[in-house]
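Below is one structure, written out as structure tokens; the observations come after it.
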Amino acid sequence: MTTAVGTTPQSPPRPTATPDRRSKGPRAWATRAPLLPALVFLIVVTQLPFVATLVISLFDWNSLNPDKRAFNGLDNYASVFTDAALRDSVVTTILLTAGVVIATVVLGLALALLLDRAFFGRGLVRTLLITPFLIVPVSAALLWKHALYNPEYGLLNGALSWVGELFGDTTPSQPDWIAQMPLLAVIAALVWQWTPFMMLILLAGLQSRPAEVVEAARLDGASAWQTFRYLTLPHLRRYLELGVLLGAVYIVQNFDAVFTITAGGLDTANLPYTIYQTFYQAHEYGLASAAGVVVVIGTIIIATFALRTVSSLFSEEANRA
Numbered sequence: 001m002t003t004a005v006g007t008t009p010q011s012p013p014r015p016t017a018t019p020d021r022r023s024k025g026p027r028a029w030a031t032r033a034p035l036l037p038a039l040v041f042l043i044v045v046t047q048l049p050f051v052a053t054l055v056i057s058l059f060d061w062n063s064l065n066p067d068k069r070a071f072n073g074l075d076n077y078a079s080v081f082t083d084a085a086l087r088d089s090v091v092t093t094i095l096l097t098a099g100v101v102i103a104t105v106v107l108g109l110a111l112a113l114l115l116d117r118a119f120f121g122r123g124l125v126r127t128l129l130i131t132p133f134l135i136v137p138v139s140a141a142l143l144w145k146h147a148l149y150n151p152e153y154g155l156l157n158g159a160l161s162w163v164g165e166l167f168g169d170t171t172p173s174q175p176d177w178i179a180q181m182p183l184l185a186v187i188a189a190l191v192w193q194w195t196p197f198m199m200l201i202l203l204a205g206l207q208s209r210p211a212e213v214v215e216a217a218r219l220d221g222a223s224a225w226q227t228f229r230y231l232t233l234p235h236l237r238r239y240l241e242l243g244v245l246l247g248a249v250y251i252v253q254n255f256d257a258v259f260t261i262t263a264g265g266l267d268t269a270n271l272p273y274t275i276y277q278t279f280y281q282a283h284e285y286g287l288a289s290a291a292g293v294v295v296v297i298g299t300i301i302i303a304t305f306a307l308r309t310v311s312s313l314f315s316e317e318a319n320r321a
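If you're matching positions, the sequence shown starts at 1 in the UniProt record's numbering and goes up one per residue.
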């Protein structure tokens with residue numbers, strides 16, 4: 001295209017706003033309007049209490065001495081990181097979370113590999129294995145405390161007595177599981193409850209494997225271990241990361257098992273239980289609020305990594321499709 005000498009080229013006219021573009025804003029708000037009550041409810045129930053917790057954490061506030069309430073800045077947060085009881089609860093929380101997550105990943109992977117095979121009654125077995133995850137946490141903890149761990153009539157000691165009688169031992173040992181191994185007792189109960197959750201995540205990963213790649217490996221003479229090591233395990237990496245992160249988020253906040261099985265005694269008090277003691281028994285509202293904020297920040301950091309892992313999983317599935 002050429003232009004006449006002495007004239008300047010004119011820019012094309014700008015498109016004028018159409019009625020559809022002008023009405024796009026109102027239409028968008030009209031479609032979002034039904035969600036506004038839920039958003040307001042979410043803000044009132046979650047965000048406003050968190051803001052109130054932030055404010056309370058900046059005060060030296062003991063409910064037994066309400067007249068001595070005073071602003072102390074970040075002193076409560078300094079106490080969270082220097083208080084011996086809180087520091088011990090942090091170590092207990094790390095041990096509890098690591099033990100439960102590692103055990104559930106190993107057991108969940110083994111059960112997922114089992115359920116990935118076709119066999120008679122697989123649907124029934126899958127339903128039975130999921131059942132522990134559907135039980136109310138307090139009920140699960142009570143089940144382990146009384147039905148399994150009780151030294152007089154618990155199932156574990158009953159099994160030991162039966163095995164002892166088989167081998168001629170008339171006075172088999174009857175250990176007090178909670179008193180002798182308190183942290184392991186809590187970990188075992190949580191592993192039983194959360195293994196189905198890990199199993200479902202890893203089973204979904206196994207069933208998303210490309211069938212043609214696995215079949216090609218078998219035709220090439222790869223053994224079951226080689227197929228698992230070089231094909232299945234790399235494919236499950238994202239699902240393993242997701243399971244570990246989500247499991248850590250849930251276990252860090254666990255309160256029911258510690259409260260029900262040991263009541264925080266015998267060095268099993270984790271951060272949520274210590275916060276409960278600080279707030280409801282010591283009545284230190286400011287210190288408990290500061291510890292709660294620290295737990296929330298740590299959980300948000302873990303959840304951020306979990307959301308990134310979920311996003312990468314969705315991206316991989318979209319690219320594969």
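Built from N, CA and C at the ideal position, the CB exists for glycine as well.
Exercise. If you count every other CB in all the chains shown that lies within 10 Å of the CB of A110, and 16 or more means buried, which is it?
Worked result: Taking the sequence shown and counting its residues from 1, the one referred to as residue 110 is at position 110. Exposed is the call here.
Problem set entry | Other residues of its chain near T195: CB distance less than 6 Å, five sequence neighbours each side excluded | The count along the sequence shown starts at 1 and reaches residue 195 at position 195. Same-chain partners within the cutoff: T104, L107, G108.
For this session: To the nearest angstrom, report how far apart I275 and F255 are at their CA atoms.
Result: Taking the sequence shown and counting its residues from 1, one reaches residue 275 at position 275. Taking the sequence shown and counting its residues from 1, one reaches residue 255 at position 255. Roughly 10 Å separates the two Cα atoms.
For this session: Kindly indicate the opening and closing residues of the alpha helix (DSSP H) around M198.
Result: For this step, residue 198 is matched to residue 198 along the sequence shown. In this chain, the alpha helix (DSSP H) harbouring M198 covers 182–207.
Exercise. Taking just the CA atoms, how far does D67 sit from L245?
Worked result: The sequence position of residue 245 within the sequence shown is 245, counting from 1. The sequence position of residue 67 within the sequence shown is 67, counting from 1. Whole-angstrom Cα-Cα distance: 43 Å.
Problem set entry | Option nearest R237 by Cα separation, candidates L206, A98, I301, I135 | By one-based count along the sequence shown, residue 237 stands at place 237. Nearest option by C-alpha distance: L206.
Exercise. Can you tell me whether W61 is buried or exposed, with buried defined as 16 or more other CB within 10 angstroms of its CB?
Worked result: Position 61 of the sequence shown holds residue 61. Looking at its Cβ environment, which holds 16 or more other Cβ atoms inside 10 Å, W61 is buried.
For this session: Let me know the secondary structure DSSP gives D60 once reduced to three states.
Result: Reading the sequence shown from its first residue, position 60 is the one you call residue 60. In this structure, D60 counts as strand in the three-state DSSP scheme.
For this session: Determine the contact status of L86 and N72, defining contact as a CB-CB distance below 9 Å.
Result: As a working note, residue 86 is residue 86 in the sequence shown. As a working note, residue 72 is residue 72 in the sequence shown. No, the Cβ-Cβ distance between L86 and N72 is not below 9 Å.
Exercise. In angstroms, rounded to a whole number, what distance separates the CA positions of T227 and A217?
Worked result: Taking the sequence shown and counting its residues from 1, one reaches residue 227 at position 227. Taking the sequence shown and counting its residues from 1, one reaches residue 217 at position 217. Computed Cα separation, rounded: 7 Å.
For this session: Please classify I94: is it buried, with 16 or more other beta-carbons within 10 angstroms of its beta-carbon, or exposed?
Result: The residue you call residue 94 lines up with position 94 of the sequence shown. If you draw a 10 Å sphere on the C-beta of I94, you find fewer than 16 other C-beta atoms in it, and that means exposed.
Problem set entry | Endpoints, the alpha helix (DSSP H) within which Q226 is located | Start at 1 with the first residue of the sequence shown, and residue 226 comes out as number 226. Note, Q226: alpha helix (DSSP H), 224–227.
Exercise. Looking at C-alpha atoms only, which residue of L202, A141, T31, I56 is the closest neighbour of A189?
Worked result: The sequence position of residue 189 within the sequence shown is 189, counting from 1. When only C-alpha atoms are compared, the closest one is A141.
Exercise. Thinking C-alpha only, which one of S139, L203, P151, L155 is nearest residue 373?
Worked result: Here the chain comprises residues numbered 1 to 321, so residue 373 is not present and cannot be evaluated.
Exercise. Using CA coordinates, which residue listed in D116, N150, Q180, F133 is at the minimum distance from T232?
Worked result: Within the sequence shown, numbered from 1, the residue matching residue 232 stands at position 232. Measuring from the Cα of T232, the nearest candidate turns out to be D116.
For this session: Quick one: measure Cβ to Cβ for T97 and A269, integer angstroms, because I've assumed they're closer than 8 Å.
Result: In the sequence shown, the residue the question calls residue 97 occupies position 97. In the sequence shown, the residue the question calls residue 269 occupies position 269. Not really, about 14 Å apart at Cβ, beyond 8 Å.
Exercise. Closest to I297 by CA distance: which of L287, V249, A263, V186 is it?
Worked result: On the sequence shown, residue 297 is found 297 positions in, with the first residue counted as 1. Selected option, being the one with the closest Cα: V249.
Problem set entry | Presumed contact (8 Å Cβ cut-off) between P137 and A257, rounded CB distance | Mapped onto the sequence shown, residue 137 falls at position 137. Mapped onto the sequence shown, residue 257 falls at position 257. Rounded, the Cβ-Cβ distance is 7 Å, consistent with contact.
Exercise. So who's on the other strand from F50, going by DSSP bridges?
Worked result: Numbered from its first residue, the sequence shown carries residue 50 at position 50. DSSP output for F50 lists no bridge partner at all.
Exercise. Anyone know if the C-beta pair for S89 and Y280 falls short of 9 Å?
Worked result: As a first step, residue 89 is located in the sequence shown; it is residue number 89 there, counting from the start. As a first step, residue 280 is located in the sequence shown; it is residue number 280 there, counting from the start. No.
Exercise. What residue does the alpha helix (DSSP H) around E152 start on, and which one ends it?
Worked result: Sequence index remark: in the sequence shown, residue 152 carries index 152 (1-based). That residue, E152, is in no alpha helix (DSSP H); it is neither H nor E in DSSP.
Exercise. Which value, in whole angstroms, describes the spacing of the CA atoms of S23 and T31?
Worked result: By 1-based counting over the sequence shown, the position of residue 23 is 23. By 1-based counting over the sequence shown, the position of residue 31 is 31. With a pLDDT of 49 at S23, under the threshold of 50, the predicted position of this residue should be treated as unreliable, though the coordinate-derived value follows. Near 12 Å, if we compare the C-alpha coordinates of T31 and S23.
Exercise. Would DSSP call I288 helix, strand or coil?
Worked result: The residue given as residue 288 occupies position 288 in the sequence shown. It should be pointed out that residue 288 corresponds to Ala in this sequence rather than to Ile. Note: A288 maps to helix in three-state DSSP.
Problem set entry | Span separating the alpha-carbon of T304 from that of I251 | The residue given as residue 304 occupies position 304 in the sequence shown. The residue given as residue 251 occupies position 251 in the sequence shown. For T304 and I251, the distance between alpha carbons rounds to 16 Å.
Problem set entry | Delimiting residues of the alpha helix (DSSP H) encompassing T131 | Here the question's residue 131 lines up with position 131 in the sequence shown. Where T131 is concerned, the enclosing alpha helix (DSSP H) stretches over 122–134.
Exercise. Three-state secondary structure (DSSP) at A103?
Worked result: Position 103 of the sequence shown holds residue 103. The answer is helix: DSSP assigns A103 an H, G or I state.
For this session: Could you spell out where the alpha helix (DSSP H) holding A216 opens and where it closes?
Result: Taking the first residue of the sequence shown as 1, we reach residue 216 at position 216. Here the alpha helix (DSSP H) through A216 covers 211–219.
Exercise. Exposed or buried, what is A288 when buried is set at 16 or more other beta-carbons lying within 10 Å of its beta-carbon?
Worked result: Within the sequence shown, the letter at position 288 stands for residue 288. So A288 counts as buried.
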